[in-house]
Structure formats: C-alpha cells, structure tokens
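Chains as they are written, first to last, in our numbering: chain A, -3 to 318; chain V, -13 to 338. Right, one structure below, let's go through it.
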Amino acid sequence: MPDVTKTPGTAAESAAETAAAAGEAAVVAAPASSGKPRSLWSDAWGDLRRNPFFVISALLIVLLLVMAAWPSLFTSTNPRNGDLTHHFLTKPEYGDVFSADWFGYDKQGRSIYARVIYGARASISVGVLVTIAVTLLGGLVGMIAGYYGGWVDSVLSRVTDIFFGIPFFLGSMVILVSFSDRKVWVVASAMAFLGWTQIARVMRGSVITTKQSDYVTAARALGAGTGRIMFRHILPNAIAPVIVVATIALGGYIAAEATLSYLGLGLSEPTISWGIDISDAKDSIRDNPHVMFFPAGMLCITVLAFIMLGDAVRDALDPKLR
Amino acid sequence: MTVTEKTANAPEPGTDGDKKAPLLEVRDLHVEFHTREGVAKAVNGVNYTVDAGETLAVLGESGSGKSVTAQAIMGILDMPPGKIPQGQILFRGQDMLTMSADERRKIRGRKIAMIFQDALSSLNPVLSVGYQLGEMYRVHQGLSKKEAKAKAIELMDRVRIPAAKQRVDDYPHQFSGGMRQRIMIAMALALEPDLIIADEPTTALDVTVQAQVMDLLAELQQEYNMGLILITHDLGVVADVADKIAVMYAGRIVETAPVHELYKRPAHPYTKGLLDSIPRLDQKGQELYAIKGLPPNLLRIPAGCAFNPRCPMAQETCGVDVPVLHQVTERDGTELAGRGSACHFWKETIHG
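Okay, structure coming up:
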C-alpha cells in the first residue's frame, strides 16, 4: 500500500519536485506558518521564471508590444516620408553609422528602420486579435461540445470539421479579395472565421477528459449547477492546453498575416506592416536585399518569440509533455 | 437540534414528503449499462432502508453493484450508458427518480451528500480547499465570499484539521491523505444533510488513519443524527460503526442482518466464505480459506443463484431458481428481526 499520508500524489498537476517538496514541508510544518499557498498557476509561474527561454521570449515580446503601442519612442522619422534622394541607400553608402536610419532606405527612399518599428503594430494587432477571437469562439464551441456530448457534440463537431476542411489561406483569400480596403480588423476577422477549429478541438478533448474527473462528479453530487461546474470546475482545469496552443498559434497568425499581405490580399496601404514591406521588396531582392532583410528578420524574431513562449508555458503547465 | 426538526419547521423543496416514511428507501432498484458487448446488469433488484441516525453498511466485492447503487441514489450515474429500467428511490417517501433535474439538484448536497473514496482526485486541484468548502454555502445559501470563508474555517475545525485558519487557503495537494479525507467529510457535512453516503471513505488511507477517519465520521453522524450509508469491502471497518449490514453479490442483496449477528452467525454461504477468509491469529500456520472462482461477469450472470458456481453448498435447484430474500428464523421458528438471506439453504448455513 502506498504511503498516502506523505505522498502528495501523482495527480498533483504541475507540482514538479519543488512543489511536492514544498507541499510536504507544508504538511509537516502546518501549525507554523506554511508560507504562501501554491496553486497550479503559482507553481507554473515559479517554473516559468526560471526558464531562460521564457525570460528571453517574454522580454522580446514586451519590447515588441511597447514598439507596437508607442512606435515614436524608437524613432522620430515618419515611416511614410519618402525622399527619393535616399532611393535604396544602405547605411555604409551614406556613411553615418549612428544615424537614426541605420537599416537604410527602400525604393521610395523611406526609412526601413522606421517602417520596421511602425510595422509592429499592424502585425501584432492582427496576431493578438485573431488569437483572442479564436480562443473565445473555439473555446466556447469546444466547451459546449465537450460538456454536453451526444447530439450537441455531433452537430458542433461536424461544423468544426467543415471549417477545418476549408484550406486556411485559400479561404481567407476568397474572403479578403472581396474587400478593397483591408484594415486590421477585416483581416483579423477573416482569419478568425477560419482559424477557430484547432482551439475548438483542443478544448473539446480537454473538457471531455476533465469532465470525467472525480472532482467534477463530486461537485455534481454536492449540488453544483451546470454553469458552476462548467466555468468553476472544468474550465480552470481544461484551459491549460488551450493557452499553450493559442500562444504558439499567435506567432503563426502573425506569419499568416505577412503571407497574405505578401500575396497582396492581406492588409492594404496605407497600413504599414512587415508583410507589405516584404512584398514591396520582392522586386529588388537581387540588388538590394537589405530592403527585405529587416522586415523579414523582425517577422522571424516575433514568430520565434511567441513560439518559444508557448513552449515554455506548455512545459510549466504540463511537465509530463516535456 | 436535529436536522429532522429543522426541516419540519421550515419545509424546503423536496422535503415535503411523508415524515413517517423512512429517510431513504430503495425499492427493487435495477441498473444496467448498455455496452458494445451487451447489457451489463450491475444492480438487479436492490431493496434497503435507512433511518435517521442509523448506519447501514453495504458490503461487497468489486463489481457487486454497491457503488452503482449509491450513484443511482445521488443521481450522478452516467446516463447513457447507464439506465434505470425499474425501481424506486424514495427520499422521505418521495420518488427521486421521477423528480425533475432541478428538484434533484436541490436535494444533492443539501439533503443527501456523498463522501468519495479518493479525496485527492475528488477535490479540484486548482481551487483552494477553503474555496471548495465555502462553495457549498455560496451555491446553496447565497453567502458572501467572506462569510463562506469563515464557515469553511469553522468546518475545518469541526473535522479537526489543525491550524484551520492558516490552512484554509491551501490547495488539496498540500494536505496529507487523512486530512484530505477530512476535508471531503467536511464538504459533505457542510449543509448538515439528512443522509450521507460514504463510498469506501477509508480505502485510500493507511490503517491508523482509517480508524481516525471512521471514528470522526461516526461521531459527527451521532451529533447530527444523520443517516449513513457506508459502502465498503472491508469487513473490519464496518464492525464498530454500522448498525446493520447488507451484503451484495452480483447486483443483489444476498444477506441483511444487524451487524453483530452477521459476524456471529452468517446465514448465506457467501457471507460465511467472506468471514472465513479473514486471517486470524489463532489459525497461524494453516491455509487461509478463499472463496473459489471469480465474481461473475455482469454481462453473463449465472442462471439461478448468481453465487452457485462458487458455492460449496450448491445443489441442483441453485442453478435454476433465483432465491428470494428469506426471513431468517431461529431453529424453533422465532423470527430474527432484520435478518434475511437469499439462499435456498439458509437454514443449513445458519444452523449447521
């Protein structure tokens, strides 16, 4: 017989060794101050803080968010100002290494540095908006399908399958081609409309697993109603994989926006976005690669940061997947 | 003040039934599970009653239908695949199986509560125990967060968790097994229900903690004058706590008896086999008795008495006729109160 009194138990979720040790210490030293209680989330936070990948990606993301919110902190140059005397100039050509425009200039003589800084807002807004919309819509569909099961599940799962079957890029292009002025929210809505299926599937699976837990049965046996069981007991336990998938997907949505803009069906001018700049640079890539290098590099760094963050969050929330 | 008085003064939904009826009466309950391989008959006509202040121990091995019966009473059976084709579950004379879902929900927790076997998996890992205890008051009585927390601390004190005030915000994994089971008990007790169903409350605990938890449960039961259904497969656990015992086998009650009578003189070969298979110090060195064979597959319950393939006393009739629960009498014919045996040869079993 396992020594139940001492083992904090296998199901002690993210309680890695540290938490287990802390739990045991708390049990032993109960009458004295047992320190701050440790929830799943505070355990996860403790893990995250010590993960260098999390620290690096979080710092990058904070930097990008600040860039998106207050681009004028980083540059005083107007990104829309073209000066044809600067046509395709690179930094070594004009000499001043410490200039404010040290990424060089594009075809129309606009500062690439300023455009990269101002491009963050559109790219990140699309990514964040799509992620929020997808999490809400997919999460709700997945929760209802998983919780009620039966015919509700059958109907919702088939609807999910239908949307899943529509190719993401083809579908968004078909939708976006009918808009001439494609602002951030238009592109984000089109992408969210087609992108929620993954979250719905993850949520459904997670809810079905959680629904079968003893504590859900126990809550029901003690008289909790449907809403309380769904949102108080199932949701906090089922949300972890959704957060992980959503964080990783955020990077993917930013890349998808750039892809659509490159194809000419994403955001449209005068919005400044990395995808549009990459698209503009494609004609001159042989002679002036620097014009594409910087927006593409920023895009890669941003996507990488979100994927790294997602991985770190997954490791912290579910150590078993590591 | 007993709970019965309280409910008599202020009738609440689901309790305006017959006050003279037993607290809980299960009548001819059948439960089956429709699986791919066929229909598994988990419960086949169970009858029992529990009164206020009384403890009924339901004894049986795994798959005998004891837990399924409890789940049917609580209304937490997964349906489908579960199905209740016939039977009644009367709570104060009202059939719970015909009530609306909302009426039943109001009884759960408030009138009938349940203690689960594995406290760690039955407590929500992401919510603090204080929150989970307080939830009972917030859901059922609409108390504020602060009041609910104060009540939670009071409850933790009542089940004797040391330093309740400091530990109220701790999470389930920070408690030891015995403490967690106390929290489960506290949750069940929160609204002072009339009936508590404890489904193997001590199985996951080690022996010393088992005794403490059982004592606590018995003490609280007396204090509140609650009915208690104690589901267990541990003959040792029941002896001190229970008033009467119902032994289940293959979804049927095969023997009922007041607790000490059963240990002294079993009237069913299955009960006798169970008692003989308890290791005893005075039989040191001898081979321990074991009931031969395996419990029946619920998809294919043997014809006649379900126990007949394993029974040392089986005769031809046992494979044909299903024995009813006979009233057990003394040799001279005086009835033994509360005793019944579903065996064709109960006389031979009890009187040798």
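By construction, the Cβ of each residue, glycine as well, lies at the ideal position given by its N, Cα and C atoms.
- Residue pairing by DSSP puts V/T242 in a beta bridge opposite V/A232, V/G326.
- Between A/I272 and A/L263, the C-beta spacing is below 8 Å.
- According to DSSP, V/I182 shares a beta bridge with V/A99, V/L214.
- Taking a Cβ-Cβ threshold of 7 Å, the residues of chain A close to V/S107 are A7, S209, D210, Y211, in chain order.
- DSSP places V/Y34 outside any alpha helix (DSSP H); the residue lies instead in the beta strand (DSSP E), whose first and last residues are 24 to 36.
- If you look at V/H20, you'll find it in the beta strand (DSSP E) that goes 10 to 21.
- By the beta-carbon neighbour count (other beta carbons within 10 angstroms, threshold 16), A/S176 is exposed.
- Under the three-state reduction of DSSP, V/F331 is assigned to coil, being neither helix nor strand.
- In the same chain as V/Y275, and ignoring 5 residues on each side of it, the C-beta atoms closer than 6 Å to its own belong to D262, S263, in chain order.
- In terms of CA proximity to A/V203, A/R228 leads the group A/A129, A/R228, A/G221, A/A220.
- A Cβ of chain A is located within less than 8 Å of the beta carbon of V/M100.
- Setting aside the 5 residues that flank it on each side, V/A232 is surrounded in the same chain by Y34, V44, I239, T242, each with a C-beta closer than 6 Å to its C-beta; the list follows chain order.
- In the three-state scheme derived from DSSP, where H, G and I count as helix and E and B as strand, A/A277 is classed as helix.
- Within the same chain, and ignoring the five residues on either side of V/K69 in sequence, the residues whose Cβ sits closer than 6 Å to its Cβ are E18.
- Scanning its chain for C-beta atoms nearer than 7 Å, with the 5 sequence neighbours on each side dropped, one finds around A/Y258 the residues G271, I274, S275, in chain order.
- Taking the Cα of V/I101 as reference, the smallest distance to any Cα among V/I183, V/V223, V/D220, V/G237 is reached at V/I183.
- Per the coordinates, the alpha-carbon of V/Q152 lies some 24 Å from the alpha-carbon of V/G128.
- Counting along the chain, A/T131 sits inside the alpha helix (DSSP H) bounded by residues 108 to 144.
- Buried is the label assigned to V/K230, since at least 16 other Cβ atoms lie within 10 Å of its Cβ.
- Along the segment 230 to 263 of chain A, the positions whose C-beta sits under 8 Å from a C-beta of chain V are P232, N233, read in chain order.
- At a cut-off of 8 Å between beta-carbon atoms, A/L218 makes contact with chain V.
- Interface residue (Cβ-Cβ distance to chain V less than 8 Å): A/R76 is not classified as such.
- One Cα belongs to A/I195, the other to A/S185, and the distance between them is close to 16 Å.
- For V/T315, the beta-bridge partners assigned by DSSP are V/E321.
- Interface annotation for the segment 144 to 157 of chain A against chain V: G146, criterion Cβ-Cβ distance under 9 Å.
- In this structure, DSSP gives V/K137 a helical state, which the three-state scheme calls helix.
- Taking a beta-carbon distance threshold of 8 Å, V/I62 counts as an interface residue toward chain A.
- Interface residue (Cβ-Cβ distance to chain A less than 8 Å): V/D220 is not classified as such.
- Taken in chain order, the unbroken stretches of alpha helix (DSSP H) that lie wholly in the segment 156 to 182 of chain V and span 4 residues or more are 163 to 175.
- For the C-beta of A/R224, the chain V residues within less than 7 Å are, from N- to C-terminus, V125.
- The Cβ of A/G306 sits no closer than 8 Å to any Cβ of chain V.
- Look at A/A214: its C-beta is under 8 Å from a C-beta on chain V.
- Here A/I162 is exposed: its Cβ has fewer than 16 other Cβ atoms, across all protein chains shown, within 10 Å.
- A/Y211 sits away from V/S162, with the two beta carbons spaced by 8 Å or more.
- Within the DSSP bridge table, the entry for V/T41 names V/L214 as partners.
- The C-beta separation of V/A56 from V/D185 comes to about 5 Å, placing the pair in contact by the 8 Å criterion.
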